[in-house]
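Residue numbers (the UniProt record's numbering), protein chains in the order written: chain A, 1 to 160; chain B, 1 to 160; chain C, 1 to 77; chain D, 1 to 77.
All remarks here apply to the structure that follows.
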Amino acid sequence: MESPVGKKINSSGMSERKPKNIFQQGAIPATFIAESIQKHSSQTAIGGHSIFLGQVRADETENGKVKSIDFTAFEDMAQEKMHLIREDIFAKYPLTCMHVHHSLGEVQAGEICLFVFTSSAHRKAAMDACEETVERLKAELPVWGREIMENESHQWKVNK
Amino acid sequence: MESPVGKKINSSGMSERKPKNIFQQGAIPATFIAESIQKHSSQTAIGGHSIFLGQVRADETENGKVKSIDFTAFEDMAQEKMHLIREDIFAKYPLTCMHVHHSLGEVQAGEICLFVFTSSAHRKAAMDACEETVERLKAELPVWGREIMENESHQWKVNK
Amino acid sequence: MQVQVMIFGQLADITGTSELILHDIPDTDTLQETLHKLYPALANTKYAIAMNKKTIQGNTILTGDTNIALLPPFSGG
Amino acid sequence: MQVQVMIFGQLADITGTSELILHDIPDTDTLQETLHKLYPALANTKYAIAMNKKTIQGNTILTGDTNIALLPPFSGG
C-alpha cells in the first residue's frame, strides 16, 4: 500500500499528487482537522500520522499586542511551489498521504492558521516529512502575515 | 508565558505536571482530538502544536490479516514512567503543555490508539519534544499490544 | 514475607495466570529459578523484571513484601 | 511588450498599489531602476523578484508580455 520511493504514483492514485488548493479563507477550525483525521480511518496501511498546527500568537511588540494576523499570498506561485515541495517530499519519504492547509485573510490570536498532515506506515517517515514540509513552506511559499495590534496599528510579521 | 527550562512550574501552574492518567478505554476518537486542540485557543502564547497519532494497521502476517489490537498495560508503572518522561521533556524543551493519551482494550484497524500533543511558542520545541516523547514512551512504557486476526487467531505485537 | 508476581502479555499466555503469590523467596535469582521450574517455557522467553514498579538489573535481594512484575518486550503506541 | 508588476506585502504599503503595468522595459535591472525612481523607499527595502512565478537571480531579459512579482521576505505559517 505504500508509494514506492521515487515513483510518482501513490496508493490512492494520481489524484493525491495533483496541485491542490492549500488556501482557505480565515482560521482553520478544529472540527476541520478532526474530519481530516477521521477520513484516514479507511486507510488501514497507515500506522502513524504527524500533524503540525501553526497558531497565531498574541505577541507583545513595541507597537502593542497582536490581536490577529491578516494573511495574503501570491496564490498562483504558492500553489506551484507547494506542488514542487509535495513532489520532493513524496520522492524522499514513503508517505501514504500529505495534506496542507493555510489561512488567508484575518486569523485571530489563538486560532489555527496552518495545518500540515502527513501519514505513513511507520512513524519516522510521517514525522520527518511533516517537519521538512513545514520548514520548506515557511521558507519558500510567497505568503505574508500582517500583524494587527489591539490598538489597530499594524506591522509585517517576520519569520524566524 | 513559557515555562523556564529546568524549572518545575509551568504557565498553568503545578497542575499540568502532576501525574495524569494517560490511559483510556478503546480507540481515541477524532472528536476528542479536536476538543483537545480547541482548548488551546485561549493559550495565546502558543505558536505551534505538534501532534503524533498512532493508528492500528491492518498488517498482513503469516497468521492472517490484523483486525484489531488489544492493549494491556502495567498501568501504575506506566503512569510513573510517563511522569518521569514528562519531567525530562519539560526540563529539556520550552513547552507550554504536553498531553499523552493511550488506548487500552481493543482498537480496530484504522482507529487511533496513541495521541501525543505538544505545544510551544515556537515550532521547533513542539516538534522535537513530540518526537522524543513518542520514541521514549514506545521504548519505556510497559504496554503490550495483542494483534487479533480476522480469523480470530492472535499474536503479540513487536515494536520496531 | 510475601512476593506478589504480576505476569504480563505473552508471559501470561505461558503461565496461564496473570498473578501469583510466592512465599520465602530471598532474591530475584531464586524467584526466577522457582518460576522456570513451574513454567519451563518461561526460561526461553525474553523478559525484564520490575521490583515495586522499577526495572532491576541482575540479582536483587527481596526484603519485606514485594511487588514483582514480569515484563515482556513493550509494544505500546 | 507589456510588463505586469504585482506588488505584495509591505512593498504595497510603499507603492500604494498592488499592481502596475509598464511598457518597453528591456530587462529586470531597468525595471528596478524605473520602480526605484517612482518609489524611492523601495530601493532601501529587501525583496526578491519572480518572473512568471519563478524567482530569478540577477538581471534577466524581458521578452514578450511578462508577469513580474515583487516579493518581500515570506512570513507565512
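For glycine and all other residues, C-beta sits at the position ideal for the given N, C-alpha and C.
This structure is a prediction, so every number in the text was calculated from the model and none was measured.
Query, Result
"Across which residues does DSSP place residue 57 of chain B in a beta bridge pair?", "Answer is none; residue 57 of chain B lacks a bridge partner."
"On the CB-based measure, 16 or more other CB atoms within 10 Å of its CB, does residue 21 of chain C come out buried or exposed?", "exposed"
"Can you look up residue 23 of chain B in the DSSP assignment and give me helix, strand or coil?", "strand"
"Taking only beta carbons into account, state which residues of the stretch 44 to 61 of chain C come closer than 7 Å to chain B, listed in chain order.", "50, 53"
"Ordered along the chain, which non-local residues of its own chain (more than five positions away) have a Cβ less than 8 Å from that of residue 6 of chain A?", "Confidence in residue 6 of chain A is poor, its pLDDT being 36 and thus under 50, which makes the residue's placement too unreliable to answer from."
"Counting only beta-carbon separations shorter than 8 Å, does residue 159 of chain A have a partner in chain F?", "Among the protein chains in the structure shown, which are A, B, C and D, there is no chain F."
"Buried or exposed for residue 139 of chain B, going by 16 or more other Cβ atoms inside 10 Å?", "exposed"
"Determine the DSSP secondary structure at residue 50 of chain C, reduced to helix, strand or coil.", "strand"
"Closest by CA to residue 51 of chain D, which one among D/71, D/12, D/77?", "D/71"
"What's the gap between the Cα of residue 75 of chain D and the Cα of residue 121 of chain A?", "32 Å"
"Quick check: is the beta carbon of residue 1 of chain D nearer than 8 Å to any beta carbon in chain A?", "no"
"Rounding to the nearest angstrom, what Cα-Cα distance links residue 3 of chain D and residue 32 of chain A in this structure?", "40 Å"
"Measuring alpha carbon to alpha carbon, tell me which residue in C/68, C/77, C/63, C/42 is nearest residue 26 of chain C.", "C/63"
"Which whole-angstrom value describes the C-beta separation of residue 123 of chain A and residue 54 of chain A, a residue pair presumed to lie in contact below a C-beta threshold of 8 Å?", "Not really, about 22 Å apart at Cβ, beyond 8 Å."
"Just mark residue 116 of chain B as buried or exposed, buried being the case when its beta carbon has 16 or more other beta carbons within 10 Å.", "buried"
"Can you tell me the Cα-Cα spacing of residue 38 of chain A and residue 95 of chain A, whole angstroms?", "18 Å"
"Residue 71 of chain C bridges to which residues according to DSSP?", "C/48"
"Report the three-state DSSP secondary structure of residue 133 of chain A (helix, strand or coil).", "helix"
"Rounded to whole angstroms, what's the CA-CA distance from residue 43 of chain B to residue 93 of chain A? Just pull it up for me.", "33 Å"
"Thinking residue 22 of chain A and residue 82 of chain A are a contact (beta carbons under 8 Å), I'd like their distance in whole angstroms, please.", "5 Å"
"Taking the alpha carbon of residue 77 of chain D as the reference point, which residue from A/125, A/141, A/20 has its own alpha carbon closest?", "A/141"
"Which residues mark the beginning and the end of the beta strand (DSSP E) in which residue 68 of chain A is found?", "64 to 73"
"According to the neighbour-count rule (16 or more other Cβ atoms, all chains shown, within 10 Å of its Cβ), is residue 66 of chain C buried or exposed?", "buried"
"Assuming residue 129 of chain A and residue 58 of chain A form a contact by the criterion Cβ under 8 Å, report the distance between their Cβ atoms to the nearest whole angstrom.", "The Cβ separation is near 30 Å, so there is no contact."
"Measure the beta-carbon distance from residue 157 of chain A to residue 146 of chain A and round it to whole angstroms, keeping in mind my assumption that it falls under 8 Å.", "7 Å"
"Quick check: what's the CA-CA separation for residue 35 of chain C versus residue 152 of chain B?", "30 Å"
"Exposed or buried, which one is residue 84 of chain B when buried takes at least 16 other CB atoms within 10 Å?", "exposed"
"Using the Cβ count rule (16 or more neighbours within 10 Å means buried), how would you classify residue 99 of chain C?", "Residue 99 of chain C falls outside the range modelled here, since chain C spans only 1 to 77, and no answer is possible."
"Rounded C-beta distance between residue 126 of chain A and residue 50 of chain A? I'm assuming under 8 Å.", "4 Å"
"Assuming residue 56 of chain C and residue 28 of chain C form a contact by the criterion Cβ under 8 Å, report the distance between their Cβ atoms to the nearest whole angstrom.", "7 Å"
"Hey, out of A/73, A/72, A/56, whose CA is closest to residue 66 of chain A's CA?", "A/56"
"Compute the beta-carbon to beta-carbon distance between residue 112 of chain B and residue 27 of chain B, rounded to the nearest angstrom, for a pair I have assumed lies under 8 Å.", "6 Å"
"For residue 69 of chain D and residue 63 of chain B, what's the separation of their Cα atoms in angstroms?", "60 Å"
"Enumerate in chain order the residues of its own chain whose CB-to-CB distance from residue 10 of chain C is below 8 Å, with the five nearest sequence positions on each side excluded.", "45, 72"
"Buried or exposed, going by whether 16 or more other CB atoms sit within 10 Å of the CB of residue 1 of chain C?", "exposed"
"Distance check for residue 32 of chain C and residue 8 of chain C, CA to CA, integer angstroms please.", "15 Å"
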